[in-house]
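A.B. asks:
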Amino acid sequence: MSASPAPGYLELTPARVLDALDALGLRPDGRLLQLNSYENRVHQVMLEEGRAVVTKFYRPGRWSDAQILEEHAFALELAAAEVPVAAPMVLRACADPALQVLGDPPTLAHWHAEGELHRFSVTPRRAGREPELERPDTLRRLGGFIGRLHAVGRRAVFRHRLHMDPARDGAAAIDAVLALDMLTPSEAAPWLAAARAALLALTEAFERHGPLQRLRLHGDCHLGNILWRDAQVDGGPQLVDLDDACMGPAVQDLWMLVSGDAHTMDAQFAELLQGYALWCDFDPRERHLVEPLRTLRMLRHSAWLAQRWEDPAFPAAFAFFGTPAYWSQQTTQLREQQEAMRG
Numbered sequence: 003m004s005a006s007p008a009p010g011y012l013e014l015t016p017a018r019v020l021d022a023l024d025a026l027g028l029r030p031d032g033r034l035l036q037l038n039s040y041e042n043r044v045h046q047v048m049l050e051e052g053r054a055v056v057t058k059f060y061r062p063g064r065w066s067d068a069q070i071l072e073e074h075a076f077a078l079e080l081a082a083a084e085v086p087v088a089a090p091m092v093l094r095a096c097a098d099p100a101l102q103v104l105g106d107p108p109t110l111a112h113w114h115a116e117g118e119l120h121r122f123s124v125t126p127r128r129a130g131r132e133p134e135l136e137r138p139d140t141l142r143r144l145g146g147f148i149g150r151l152h153a154v155g156r157r158a159v160f161r162h163r164l165h166m167d168p169a170r171d172g173a174a175a176i177d178a179v180l181a182l183d184m185l186t187p188s189e190a191a192p193w194l195a196a197a198r199a200a201l202l203a204l205t206e207a208f209e210r211h212g213p214l215q216r217l218r219l220h221g222d223c224h225l226g227n228i229l230w231r232d233a234q235v236d237g238g239p240q241l242v243d244l245d246d247a248c249m250g251p252a253v254q255d256l257w258m259l260v261s262g263d264a265h266t267m268d269a270q271f272a273e274l275l276q277g278y279a280l281w282c283d284f285d286p287r288e289r290h291l292v293e294p295l296r297t298l299r300m301l302r303h304s305a306w307l308a309q310r311w312e313d314p315a316f317p318a319a320f321a322f323f324g325t326p327a328y329w330s331q332q333t334t335q336l337r338e339q340q341e342a343m344r345g
């Protein structure tokens with residue numbers, strides 16, 4: 003079964019969050035709101051000075067300090083290039099022996115409380131709403147936004163963050179599901195056969211494409227990670243989370259912004275690329291990687307749920323996971339993806 007997160011992480015209380023900020027010299031006024039995040043513990047906190055900040059307490063064992071700091075450096079680089087992003091605040095060192103700040107500039111805090119180590123960062127609060135794709139210019143502006151991000155992403159490489167390898171990542175996801183014993187007996191054989199066949203098909207699709215041109219990406223660029231502002235001066239899209247930043251193909255940051263049947267997605271993709279092309283070139287062959295990437299995401303999502311199942315937040319939010327109906331649905335969808343990847 004999956005390893006349980008440290009008790010101090012699962013039982014991170016509002017009082018501890020406020021104490022951690024206080025240790026940094028940021029004075030909360032007592033108002034705190036837990037935000038929707040399963041992977042980390044994220045809170046919006048009001049400060050005595052009147053502004054709001056967002057704290058992110060990182061799940062133990064997921065990322066190393068070097069990987070977190072590399073993500074932070076990328077966010078600061080994007081902000082310096084005037085790409086709208088919620089970049090981490092530079093933290094102030096203090097005399098409290100329970101707290102250390104890491105990075106150059108320091109953006110990651112190590113805070114020891116009651117025998118537990120908490121790692122967290124702080125960002126200014128960013129307000130906005132989900133983009134409305136029905137508006138005719140939204141996709142073009144989103145494409146331009148991703149193009150600006152990728153123009154910065156091409157300047158260097160990640161040395162510590164993950165480098166996408168679809169064959170390796172898909173195989174690891176299947177192995178994780180098997181190792182964690184989350185399959186129901188009646189659905190184990192059909193799901194495993196469908197998963198392995200889908201992995202073979204997506205691997206062959208990437209092999210046909212040839213060597214990938216990788217760049218620094220957002221990595222999980224769905225609409226929930228983009229806020230849209232209607233302000234006159236700084237309106238439009240902005241990123242709020244780079245937690246999955248990685249090295250990979252440009253299309254990884256584009257395909258989750260389109261949906262519908264093939265004709266609809268082609269039209270939406272064309273709109274995205276109109277904006278994207280103003281900032282970056284796009285290899286049109288990567289369009290053929292959309293369905294393989296969708297398949298990889300399905301495999302990895304099942305593995306992610308299995309690996310997090312001992313966190314009480316997951317059974318409460320994903321009660322359908324692990325049931326015979328879930329695995330049956332996944333088997334059907336993986337078989338459909340095999341057809342889509344051949345299309």
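Just so we're aligned, residue 3 is where the sequence shown starts under the working numbering, counting upward by one.
Backbone N, C-alpha and C fix where the C-beta goes; we use that ideal spot for every residue, glycine too.
Small disclaimer: the values here were computed from a predicted structure and weren't measured.
1. Three Cβ pairs or more, each shorter than 8 angstroms: is that satisfied between the segment 135 to 143 and the segment 68 to 88?
2. Should Thr15 and Val124 be called a contact, given that it needs their Cβ atoms to be closer than 7 angstroms?
3. Can you look up Pro86 in the DSSP assignment and give me helix, strand or coil?
4. Contact defined as beta carbons within less than 8 angstroms: I believe Leu225 pairs with Gln240. What is the distance between those atoms, to the nearest angstrom?
5. Between which two residues does the alpha helix (DSSP H) holding Thr333 run?
6. Could you pull out every unbroken beta strand (DSSP E) segment of at least 3 residues lying fully inside the segment 80 to 133, listed in chain order?
7. Determine the burial state of Arg218: buried for a count of at least 16 other Cβ atoms within 10 Å of its Cβ, exposed for fewer.
8. DSSP on Thr266, reduced to helix/strand/coil?
9. With a cut-off of 8 angstroms on the beta carbons, I'd call Cys248 and Arg163 a contact; round off their distance for me.
10. Is the Cβ-Cβ distance between Trp281 and Ala153 less than 7 angstroms?
11. Are the beta-carbon atoms belonging to Thr333 and Trp113 less than 7 angstroms from one another?
12. Where Ala81 and Ser330 are concerned, what is the direct C-alpha to C-alpha distance, given to the nearest angstrom?
13. Between Leu12 and the rest of its own chain, which residues show a CB-CB distance below 6 angstroms, the 5 nearest in sequence each way excluded?
14. With which residues is His45 paired in a DSSP beta bridge?
15. Quick one: Cα of Met3 to Cα of Tyr60, how far?
16. Would you kindly work out how many angstroms separate the C-alpha atoms of Pro168 and His220, rounded to a whole number?
17. Say whether the segment 207 to 217 touches the segment 184 to 192, bearing in mind that this needs 3 or more beta-carbon pairs closer than 8 angstroms, one atom from each stretch.
18. Run the CB neighbour count on Val85, radius 10 Å, all protein chains shown included, and call it buried at 16 or more, exposed below.
19. May I have the straight-line CA-CA distance separating Phe323 from Arg198, to the nearest angstrom?
20. Let me know the secondary structure DSSP gives Asp177 once reduced to three states.
21. Is the CB-CB distance between Arg170 and Gly277 below 7 angstroms?
22. Measure the C-alpha to C-alpha separation of Leu301 and Asp245 and round it to an integer number of angstroms.
23. Alpha carbon to alpha carbon, how far is Pro317 from Trp311? Give it in angstroms, no decimals.
24. Looking at C-alpha atoms only, which residue of His265, Ser304, Pro90 and Trp257 is the closest neighbour of Asp106?
25. Nearest to Arg289 by alpha carbon, out of Ala129, Thr205 and Ala252?
26. Gln340 and Ala115 look like a contact to me (Cβ under 8 angstroms); what is the Cβ gap, rounded to whole Å?
27. CB-CB under 7 angstroms to Leu119, same chain, minus the five flanking residues each way: which ones, in chain order?
28. How long is the line joining the alpha carbons of Val44 and Ala321, rounded to whole angstroms?
29. Roughly how many whole angstroms lie between the Cα atoms of Glu50 and Gly32?
30. Going straight from the alpha carbon of Leu20 to that of Leu37, what length do you get?
31. So, for Arg337: in the same chain, excluding its five sequence neighbours on each side, which residues have a beta-carbon less than 7 angstroms away from its beta-carbon?
32. Using DSSP with H/G/I as helix, E/B as strand and the rest coil, what is His165?
33. Quick check on DSSP: helix, strand or coil for Asp183?
C.D. replies: Working from what's here:
1. These segments do not touch.
2. Going by C-beta atoms, Thr15 is not nearer than 7 angstroms to Val124.
3. Judged by DSSP in its simplified three-state form, Pro86 adopts coil rather than helix or strand.
4. Not really, about 13 angstroms apart at Cβ, beyond 8 angstroms.
5. Boundaries of the alpha helix (DSSP H) harbouring Thr333: Pro326 to Arg344, taken from the DSSP string.
6. The segment 80 to 133 contains, as complete beta strand (DSSP E) runs of 3+ residues, the segments 101 to 105, 108 to 115 and 118 to 126 (chain order).
7. By the 16-neighbour rule on beta-carbons within 10 angstroms, Arg218 is buried.
8. Note: Thr266 maps to helix in three-state DSSP.
9. That belief holds up - the Cβ atoms of Cys248 and Arg163 are roughly 5 angstroms apart, short of 8 angstroms.
10. For Trp281 and Ala153, yes; Cβs fall inside 7 angstroms.
11. The answer is no: Cβ separation not under 7 angstroms.
12. For Ala81 and Ser330, the distance between alpha carbons rounds to 44 angstroms.
13. Excluding its 5 nearest sequence neighbours in each direction, Leu12 has no C-beta neighbour in its own chain below 6 angstroms.
14. According to DSSP, His45 bridges with Gln36 and Thr57.
15. At Met3 the pLDDT is 44, less than 50, meaning the model places this residue with poor confidence and gives no usable figure here.
16. A straight line joining the alpha-carbon of Pro168 with that of His220 spans about 17 angstroms.
17. No, because fewer than three Cβ pairs between the segment 207 to 217 and the segment 184 to 192 fall closer than 8 angstroms, the two stretches do not touch.
18. It is buried - the Cβ of Val85 has at least 16 other Cβ atoms within 10 Å.
19. Taking the straight line from one Cα to the other gives about 20 angstroms.
20. Of the three classes helix, strand and coil, the one that applies to Asp177 here is helix, per DSSP.
21. Not a contact, by the Cβ cut-off of 7 angstroms.
22. Take the alpha-carbon of Leu301 and the one of Asp245: they are about 19 angstroms apart.
23. Approximately 6 angstroms between the Cα atoms of the pair.
24. That would be Pro90, whose Cα lies nearest to the Cα of Asp106.
25. Minimum Cα distance to Arg289 is reached at Ala252.
26. Their Cβ separation, rounded to whole angstroms, is 49 angstroms, which puts Gln340 and Ala115 out of contact at 8 angstroms.
27. Excluding positions up to five away in sequence, the list reads His112.
28. A straight-line Cα-Cα distance of about 22 angstroms links Val44 and Ala321.
29. Per the coordinates, the alpha-carbon of Glu50 lies some 9 angstroms from the alpha-carbon of Gly32.
30. Going from the Cα of Leu20 to the Cα of Leu37 covers about 15 angstroms.
31. Same-chain partners within the cutoff: Ala196.
32. Looking at His165 - three-state DSSP - the assignment turns out to be strand.
33. Note: Asp183 maps to coil in three-state DSSP.
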